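One line per chain: the protein sequences are A and B, in this order. 14 is the number of the first residue of the first sequence in this note's numbering; add one for each residue after it. 4 is the number of the first residue of the second sequence in this note's numbering; add one for each residue after it. Each residue gets a CB set at the ideal place from its N, CA and C atoms; glycine is no exception. Since the model is a prediction, treat every value here as computed from it, not as a measurement.
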Amino acid sequence: MTGQAFSLFRHSSFAWLNISSDNAALKSKICLAFIFGFMMSAQFPAHAITITPSEITVTVLQGTNTIVSGSKSFTASSTSIFYFYWLGSNASWITTPNQWPISPEWMWMYACSYYNNYTCTYTVSLNTSALSVGTHTGIAYSSIGNIPVTATVRPAEFAVSPEAIAVAANPNCKATSKKLTVTNSDSRGLRFYSSDDQTWINSANGQPIGDLGPGGSLTTTIGFNTSGLALGTYTGNVYISATGGTTKTVPVTLTYKQPPVISNGNGETTACQAYKASYTLTPNTDCTTTYTFQIGTDPAQLADVDQGTISGSNPVILQKEYTNLQTGKDYYHRLIATNGAGTTYGEIVKIPKEELSKGCGKILQNYSGSGQEGLICETLKEPFTVKATDTSGNPEAGIGIGWQIAEPQGAGASVTPANSTTSSDGLASSTLRLGSLPGDYTVNATCSECTEGSPQTFTATAKCPDVPQYYQDDYSDDYDGICKDYENLTASGEPGVKSCASANDKPWSIKDKGCALTNMAMVMGRYGNTASPSTWNKFLTQIGGYTEDGNIWWTVPDVITGGGIKLIERSAYSGDRKLGITVPKSLMDDYLKKCMPVIAQVYNSLEKSMHWVVVTGKDGNDYIINDPGYRANTRLSQYGDVYKIRPYVNQNGGCQ
Amino acid sequence: MKIMIIATIFISTILMNLQIAFAEPHIQINSHVKYANGGFVSEEVVYYIVTDPQGHVLGYDPRTKQHYNEFDGGYGSEGIGDINTVVAGFIPVDGTYTIEVIGDGLMVFSIEMGIFRGNYTEGLSKLKVSGLTDTGLTSKFQMTYNSDPSKPAGSVIRVATPSSLKQDIALSRKIGWIDSDGIMMSLYKKAEAIEKSLERGSTGTAKNQLDALINEVNAQKGKHIKDEVIKILLEDTQYISEHL
């Protein structure tokens, strides 16, 4: 604080005397001063007076006092006597020098002007030792004005570590002492004391525990005495005080006779048949705690597998890796811990068997269903089944199996489901619906988790549906409307063919001329129509399905199925025996591969006449036929060349 | 009625078993060789050539031993027993097809045409023509296919010229369907006169001559000319008359 000038002119008014006090003595002093000043003013001229400092501001450590020095100077315009005197203060903690008129101050002041160039020094005492931490204000009164006084009381700066003490003890484990570290972070040296508020806490009981300069530290020991204590939890405080009385409190908790506390943490599979369990053990004692790991497949009969000890009361995480566990079984584990207060049994935790098979080898086996036979487009009677096991042969549940058609592609075969999961017995199944092509089918079962045996291959054979066999000699029905022409015999000497004109004409029968008709009945039978040649004959007669010479209109199947069964007619399929043109038999192969029978024109060399048969399949280089006219003929080679083929395609695909 | 019921049940059964996808149109043509009494001649066939509306040809010409496969379809002889037929089958397009029957010996022939427009409720439409031919001679027919369901599926007419008219008259006598040389010659000369009138451009005269020939043919009905010839000759004269 810099000096602030106060001006005083003696012949001016008394307004400068800015004293506000209810104190009667003070008022009395002031009154005398007025009187005295009035008398003196008649003798002395006016002088300018300055007092420095003009206010007092200090910061003090809690519990300490301070002394403030200041000076008074004044200058007179002539050698004259001037009087200065203190009038006290408004706060008991502010003490001014001797006060007029009780003390001889005025005399001394007089001399001051004379001997000391009119400058004197005075001391104001601030008794702050009893002041609380904070800011305190007051006023020192003098004859030339008020001097504001501000005292800021601060606490001592220091730290205590730890900030709290936890003690665990039991009758078999005496409580150990704890140490507190005190660090002086103040700017001045401090003395420290310790005390407490409980009989079971042993501190210095208010006695000094040491002196520390700025930045210094010391360690003090706090003891505990549990003798005579009942079981339970106790709390108390340790107090660390510094010079001036600044105090820090360290709360103390004493746990007396608590058994350990166990909590289970997250476990994990570390390898095949290995599992690492985690536990948190709170010893609740500063002494030794013993613990035991237990595991087993029967939660009621767990076996000890390992033991250990820990010291101290801090919680610890204990981990135990259980190895060589059997797959296919659930396991249970727990931790048991004992301290002087008793034994705690941790919660029993289950290890699912699926966890134990993680990381183990898994084997995929072909269980059942392979090698079946079925008709094209049919669903096989038995599903394909795989079995997944571990390396010990135990079933593996929950293993994902993918099912794929390997061969043939594009035949419309399917497996249901396409993905499955092994059940508790390790089995997973899928059923094959054969496609439209006859032959061998291959299905693969794959297991991405398996270490052996994947994929497993299943096979099945698709056969063509049978083409029904009809023989035309089983049907003696009149055929078409054609009759025997006895006027014009054929080259073989048989009656010719003419349209029936009179009741005397003798009709030809299916038996005689109905090979093409019977073939059509067989082809339609392949596609699900069971009408006999006789029924077909009636129907074709009704709808005009015959040509005038007793042949059939080849598009009749198209007509009656709306194109569902469609005649395929190409130049390549047409030969001409009279011209010596044959049709390559291989042209039938594509149809036969799709189980589509083909009607073929052949030459019957025995009867020297044209004939129709149904080719139903292939047998090596030969072809299998359904011959409507000759029961002994089952192979196309029995006829030789083919002069025309009439394939009928199922427009809806090979499957019916 | 009984047959109708059977047919209905039959079709219903088939359609229940076979889901209808779509149907393509199809034409099948069968040729037969016949005796004069209508019986089928065993082991004999008559070939023909089919020309589609675009001029593509399918068939076999026995004169040149040339096969034609300019549009895809089946063609060739086939048979049941001793009775053979030449069958052509193809997917038709709208327009007029020409069928030219080529003789390989004196014969009566018939041509059947089965037209399926892909509508199973409509079924097959059948057409039939017949004629006479001999070695190296031809007879022409025009078959029209129409896919418009509001119109008939097809029709067939005999294509005639004064020359083919003369041919039919001569062959009819040769095969015995005209039993008198005098009548044959009378008809033949009328046909020659028609031919000459047309060569001169005298269509009016030709028309009158055609009428005279028709009158004579009709006058011989049931006498010296069989009905089969009358039909052929009247079809010939009608075609010529319509194309004067």
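Would you say LYS234/B reaches chain A, if we count a Cβ-Cβ gap shorter than 9 Å as a contact?
no
Output yes if chain A places a C-beta closer than 9 Å to the C-beta of LEU18/B; else output no.
For LEU18/B, the predicted structure reports a pLDDT of 47, less than 50, and the residue's modelled location is therefore unreliable. The matter cannot be settled from this model.
Members of the region 625-650 of chain A that neighbour chain B once the beta carbon cut-off is set at 9 Å
TRP625
Interface residues of chain B around TYR652/A at Cβ under 9 Å?
Those do not exist, as TYR652/A stays about 14 Å from chain B at its closest Cβ, beyond 9 Å.
Throw me the rounded Cβ distance for the VAL162/A and ILE69/A pair, which I believe falls under 8 Å.
4 Å
In angstroms, rounded to a whole number, what distance separates the CA positions of LEU109/B and LYS37/B?
10 Å
Between the CA atoms of THR256/A and GLY229/A - distance to the nearest angstrom:
14 Å
Alpha-carbon to alpha-carbon, PRO451/A and VAL48/B:
40 Å
Local conformation of PHE552/A per DSSP, three classes
helix
Return the residues of the region 79-99 of chain B that lie within a Cβ-Cβ distance of less than 9 Å from chain A, sorted by chain order.
GLY79, SER80, GLU81, GLY82, ILE83, GLY84, ASP85, ILE86, ASN87, THR88, VAL89, VAL90, ALA91, GLY92, PHE93, ILE94
Just to confirm, is the Cβ distance from GLU46/B to ALA529/A under 9 Å?
no
For LYS129/B, go through chain A and note every residue whose CB falls closer than 7 Å to its CB, in chain order.
GLY557
DSSP beta-bridge partners for LEU294/A?
ILE275/A, VAL329/A
What's the C-alpha gap between TYR288/A and GLU367/A?
11 Å
Helix, strand or coil: which one does DSSP assign to ALA37/A?
A caution first: ALA37/A carries a pLDDT of 41, below 50, which makes its placement in the model unreliable, though a value can still be read off. Helix.
For ASP210/A versus ASN238/A, is the C-beta distance shorter than 9 Å?
no
Give the single residue among MET601/A, GLY575/A, ASP493/A, TYR604/A whose Cα lies nearest to the Cα of LYS551/A.
ASP493/A
Among GLY527/A, THR259/A, ASN646/A, which residue has its Cα nearest to the Cα of ASP635/A?
ASN646/A
Answer yes or no: do TYR483/A and GLY538/A have a C-beta to C-beta separation smaller than 9 Å?
yes
How about LYS363/A and TYR345/A: are their beta carbons less than 9 Å apart?
yes
What residues in its chain sit with their C-beta under 8 Å from that of LEU649/A, if we drop five residues either side in the sequence?
LYS598, ALA613, VAL615, VAL626, VAL628, ASP635, TYR636, ILE637, ILE638, VAL655
Residue environment, GLN220/A, which counts as buried when at least 16 other CB atoms sit within 10 Å
exposed
Contact between the region 122-142 of chain B and the region 196-206 of chain B is defined here as three or more beta-carbon pairs at a separation below 8 Å; is this criterion met?
no
Minimum length 3: unbroken beta strand (DSSP E) runs contained in the region 24-103 of chain B
29-37, 50-54, 60-64, 69-72, 76-83, 86-93
VAL137/A versus PRO508/A, VAL71/A, SER145/A, THR303/A, residue with shortest Cα-Cα distance
VAL71/A
Among LEU213/B, THR88/B, ASN221/B, which has the Cα closest to the Cα of GLU245/B?
LEU213/B
So, helix, strand or coil for PRO478/A, using DSSP?
coil
Check each candidate in TYR206/A, ILE178/A, GLU386/A, SER622/A and name the one with the smallest Cα separation from SER254/A.
TYR206/A
What are the residues of the region 611-625 of chain A that lie near chain B, defined by any Cβ-Cβ distance shorter than 9 Å?
GLN614, ASN617, GLU620, LYS621, SER622, MET623, HIS624, TRP625
Distance, PRO396/A Cα to LEU600/A Cα:
36 Å
Got a sec: is the Cβ-Cβ distance from THR531/A to anything in chain B below 9 Å?
no
Where the region 136-161 of chain B meets chain A: residues whose CB sits under 9 Å from a CB there
none
Chain-ordered neighbours of GLU500/A on chain B, where CB pairs are closer than 7 Å
ASN40, GLY42
How long is the line joining the alpha carbons of VAL662/A and MET609/A, rounded to whole angstroms?
7 Å
Would you mind telling me which residues of chain A sit closer than 7 Å to ASP75/B, beta carbon to beta carbon, in chain order?
ARG583, SER584
Suppose only complete runs of 4+ residues qualify. What are the alpha helix (DSSP H) ranges in the region 532-607 of chain A, listed by chain order?
546-556, 569-574, 602-606
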